[in-house]
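*Asks:*
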Amino acid sequence: MVTNEGDTFDIGGELTVRRLGFGAMRLTGEDIIGEPDDEAHAHSVLERAVELGVDFIDTADSYGPGVSERLIGEALDTEREDLVIATKGGLLRNTDADWLAHGDPDYLRNAQLCSRDRLRMDPIDLYQYHRPDPDTSFEDSIHALAEMKDEGLIRHVGVSNVSVDQLDRARDIVDIATVQNQYNVAHRDDEDVLEACESYGIGFIPWFPLGAGDLGDIDGIEEIAQRHDATPYQIALAWLLGHSDVTLPIPGTSSLDHLEQNVAASAIDLTAEELAQLS
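To convert a position in the sequence shown, counted from 1, into our numbering, add 18.
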């Protein structure tokens with residue numbers, strides 16, 4: 019179970035979530051394309067996450083594409099008041115499994131409507147611009163999300179894969195509730211973005227919070243894991259939770275065992291010395 023119930027964050031100042039969520043990207047087929055081999059099992063993973071106390075689920079229309087959102091809409095009561103669903107728009111997929119930025123405002127409006135239908139929710143709790151498109155004005159893309167918020171189609175706006183400058187430009191247009199960038203104990207290129215989120219009171223959602231399993235070069239992580247009778251992956255999640263009060267890790271998995279291990283990481287309290295050692 020998620021045990022640190024007081025360790026929460028208010029997304030947009032009103033959607034209170036526990037700071038360890040679930041990323042639903044891995045519930046799709048190979049290369050994040052198509053359906054999983056066992057859809058019933060994917061439903062079970064989502065249901066178990068909520069049973070364990072997870073109340074923040076993150077996905078995107080490009081996962082599948084559309085498959086992850088559909089599975090969430092089928093498995094969960096997405097409009098229950100104690101569950102926050104976040105999704106993203108702005109990336110296209112193809113059969114080569116490429117991720118193609120597409121920030122055209124009309125496309126984003128259409129994508130949001132499709133996400134709402136698959137997720138079976140109105141409005142969407144948190145809608146995030148997945149990645150800036152070099153062929154589309156960043157401001158035009160953000161204005162589209164701002165308009166959707168004004169129209170009541172989404173409750174809060176987030177951005178993903180942005181710099182501090184882009185975050186500031188987005189904030190000039192609409193209140194930004196969250197930023198989702200790559201960040202973990204082994205990859206901290208966006209420390210300045212995290213610091214900006216701390217300054218602004220914005221939630222920071224680190225994608226690849228476990229570094230895709232590549233933690234072997236982190237000095238001391240194995241020793242700390244043994245000390246806490248935990249895995250290095252659990253320590254990596256505990257470090258994210260201890261490193262900043264605005265981090266909202268969303269480890270993803272298609273395994274029930276890994277899900278339970280990830281959720282258990284929220285109960286690990288690293289000492290100041292251990293946090294400093296990993297930093």
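Quick reminder that beta carbons are idealized off the backbone N, C-alpha and C, glycines included.
Beta carbon of Thr-105, beta carbon of Ser-62: below 8 Å?
*Replies:* Contact: no.
*Asks:* Taking Asp-275 as part of the alpha helix (DSSP H), name the residues at either end of that continuous run.
*Replies:* Element bounds for Asp-275: 274-282.
*Asks:* Does Glu-23 pass the burial test, meaning 16 or more other C-beta atoms within 10 Å, or should it be called exposed?
*Replies:* Any answer about Glu-23 is weak, because its pLDDT of 40 lies below 50 and its placement is not dependable; what the coordinates show is given next. Glu-23 comes out exposed.
*Asks:* Tell me, to the nearest whole angstrom, how far the beta carbon of Gln-198 is from that of Gln-279; I am working on the premise that it is less than 8 Å.
*Replies:* Not really, about 23 Å apart at Cβ, beyond 8 Å.
*Asks:* Could you name the residues of the same chain whose beta carbon sits closer than 8 Å to that of Asn-112, not counting the 5 residues immediately before and after it, in chain order?
*Replies:* Answer for Asn-112: Leu-118, listed in chain order.
*Asks:* Rounded to the nearest angstrom, what separates Gly-91 and Asp-73 at their Cα positions?
*Replies:* Distance between the alpha carbons of Gly-91 and Asp-73: 15 Å.
*Asks:* Figure out for me which residue from Ile-51, Arg-37, Asp-153, Ile-142 has the closest Cα to the Cα of Glu-99.
*Replies:* The shortest C-alpha separation from Glu-99 is found at Ile-142.
*Asks:* Taking Leu-296 and Ile-239 to be in contact with their CB atoms under 8 Å, please state how far apart those CB atoms are, rounded to whole angstroms.
*Replies:* That pair is a contact at about 6 Å.
*Asks:* Kindly provide the ranges of any beta strand (DSSP E) runs that are 3 or more residues long and lie completely inside the region 50-96, ordered along the chain.
*Replies:* List check, beta strand (DSSP E) in window: 74-76.
*Asks:* Which residue from Phe-222, Arg-245, Tyr-251, Ile-220 puts its Cα closest to that of Asp-346?
*Replies:* Because the chain is modelled from 19 through 297, residue 346 falls outside the range shown and cannot be assessed.
*Asks:* Would DSSP call Tyr-145 helix, strand or coil?
*Replies:* Three-state result, Tyr-145: strand.
*Asks:* Work out the CA separation of Ala-195 and Gly-31 for me, nearest whole Å.
*Replies:* So the two alpha carbons sit approximately 8 Å from each other.
*Asks:* Starting from Asn-202, follow its DSSP beta bridges and name the residues at the other end.
*Replies:* Answer is His-205, bridged to Asn-202.
*Asks:* DSSP three-state call for Asp-122: helix, strand or coil?
*Replies:* Coil, per DSSP.
*Asks:* Only counting the same chain, and skipping five residues up and downstream in sequence, which positions put a Cβ closer than 7 Å to that of Glu-216?
*Replies:* Here the set comprises Ser-262, Val-264.
*Asks:* Any idea what DSSP makes of Ile-220, helix, strand or coil?
*Replies:* Reduced to three states, the DSSP call for Ile-220 is coil.
*Asks:* Which residues mark the beginning and the end of the beta strand (DSSP E) in which His-174 is found?
*Replies:* Start and end: 172-178.
*Asks:* Whole-angstrom Cβ separation of Ile-191 and Ala-214, contact assumed at under 8 Å?
*Replies:* That belief does not hold up - the Cβ atoms of Ile-191 and Ala-214 are roughly 16 Å apart, past 8 Å.
*Asks:* Given Gly-170, which residues of its chain have a CB within under 7 Å of its CB, disregarding the five upstream and five downstream residues?
*Replies:* Once the five neighbours on either side are set aside, the close Cβ partners of Gly-170 are Pro-141.
*Asks:* Of all the options His-246, Gln-200, Phe-222, which has the alpha carbon lying nearest to the alpha carbon of Leu-228?
*Replies:* Answer by Cα proximity: Gln-200.
*Asks:* Taking the continuous beta strand (DSSP E) assigned at Ile-103, which residues delimit it?
*Replies:* That run of the beta strand (DSSP E) goes 102-107.
*Asks:* Enumerate in chain order the residues of its own chain whose CB-to-CB distance from Arg-138 is below 6 Å, with the five nearest sequence positions on each side excluded.
*Replies:* So the qualifying residues of the chain are Gly-91, Thr-96.
*Asks:* Which of the three DSSP states, helix, strand or coil, is assigned to Ile-191?
*Replies:* Looking at Ile-191 - three-state DSSP - the assignment turns out to be coil, as it is neither helix nor strand.
*Asks:* What is the rounded straight-line gap between the Cα of Leu-131 and the Cα of Asp-79?
*Replies:* Approximately 11 Å, taken between the alpha carbons.
*Asks:* For Arg-149, which residues of its own chain have a beta-carbon under 7 Å away from its beta-carbon, when the five flanking residues on both sides are left out?
*Replies:* The answer, listed in chain order, is Gly-108, Leu-109, Ala-119, Ser-178, Asn-179.
*Asks:* Leu-126: which of Gly-82, Thr-154, Ile-103 sits nearest, CA to CA?
*Replies:* That would be Thr-154, whose Cα lies nearest to the Cα of Leu-126.
*Asks:* Which word fits Leu-259, buried or exposed, when buried means at least 16 other C-beta atoms lie within 10 angstroms of its C-beta?
*Replies:* So Leu-259 ends up on the buried side.
*Asks:* Would you mind giving the Cβ-Cβ distance between Ile-333 and His-246, rounded to the nearest angstrom? I have them listed as a contact below 8 Å.
*Replies:* No answer is possible for residue 333: it lies beyond the span of the chain, which begins at 19 and ends at 297.
*Asks:* Give every residue of the same chain whose Cβ lies closer than 6 Å to the Cβ of Asp-135, excluding the five residues on either side of it in the sequence, and list them in chain order.
*Replies:* Answer for Asp-135: no residue qualifies.
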